[in-house]
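Novice:
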Amino acid sequence: PSTSTFSSADYDTLLSAARSVLLDVSSAVMNLPATLDGQKLKQMMITLRSVYGTLNEDQRVEVLNWAREQMVQNNFSCTLKKTPNPKPKPLASCKPTVKWLDSD
Numbered sequence: 852p853s854t855s856t857f858s859s860a861d862y863d864t865l866l867s868a869a870r871s872v873l874l875d876v877s878s879a880v881m882n883l884p885a886t887l888d889g890q891k892l893k894q895m896m897i898t899l900r901s902v903y904g905t906l907n908e909d910q911r912v913e914v915l916n917w918a919r920e921q922m923v924q925n926n927f928s929c930t931l932k933k934t935p936n937p938k939p940k941p942l943a944s945c946k947p948t949v950k951w952l953d954s955d
């Protein structure tokens with residue numbers, strides 16, 4: 852199901868359950884959503900930050916790359932990927948000068 856079908860409370864519950872699984876299974880396969888926006892992205896980032904120290908190196912790299920991509924998509928409407936995913940309205944590639952990290 853699409854994350855847009857979840858209420859904010861349901862999404863919090865889902866992330867709480869996912870956090871428990873990530874803490875219990877250090878080799879868990881991560882399947883991060885292709886896109887998130889607004890409050891759901893913020894909630895996901897809080898969850899990932901809380902388990903980051905328990906992740907293996909490959910998972911940490913995956914989380915970092917995913918987080919960067921989410922930030923540029925949401926703040927600059929572009930992508931860091933070499934070939935944008937086919938979407939109804941594909942995102943342009945980000946310029947190398949994009950400052951993707953902000954305080955929120």
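The numbering used here numbers the first residue of the sequence shown as 852 and each following residue consecutively.
Ideal Cβ positions, reconstructed from N, Cα and C, are used throughout, including at glycine.
Given the structure is predicted, the values throughout are model-derived calculations rather than measurements.
1. Are the stretch 884-904 and the stretch 918-932 touching, with three or more C-beta to C-beta distances below 8 Å?
2. Could you give the distance in angstroms between the alpha-carbon of D861 and the alpha-carbon of K891?
3. Which residues does DSSP list as the beta-bridge partners of C929?
4. Only counting the same chain, and skipping five residues up and downstream in sequence, which positions put a Cβ closer than 7 Å to that of S859?
5. Grouping DSSP H, G and I as helix and E and B as strand, with all else coil, what is D888?
6. Whose CA, out of K946, D863, S944, L931, lies closest to the CA of T898?
7. By Cβ distance, which residues of its chain are closer than 8 Å to A943, with the 5 residues on each side in sequence left out?
Specialist: So, to answer that:
1. With a cut-off of 8 Å, the stretch 918-932 and the stretch 884-904 count as touching, because enough Cβ pairs lie within range.
2. Taking the straight line from one Cα to the other gives about 11 Å.
3. The bridge partners DSSP lists for C929 are A943.
4. Contacts found: Q890.
5. Three-state result, D888: coil.
6. Minimum Cα distance to T898 is reached at D863.
7. Counting only Cβ-Cβ distances below 8 Å, and skipping sequence neighbours, we find S928, C929, T930, P935.
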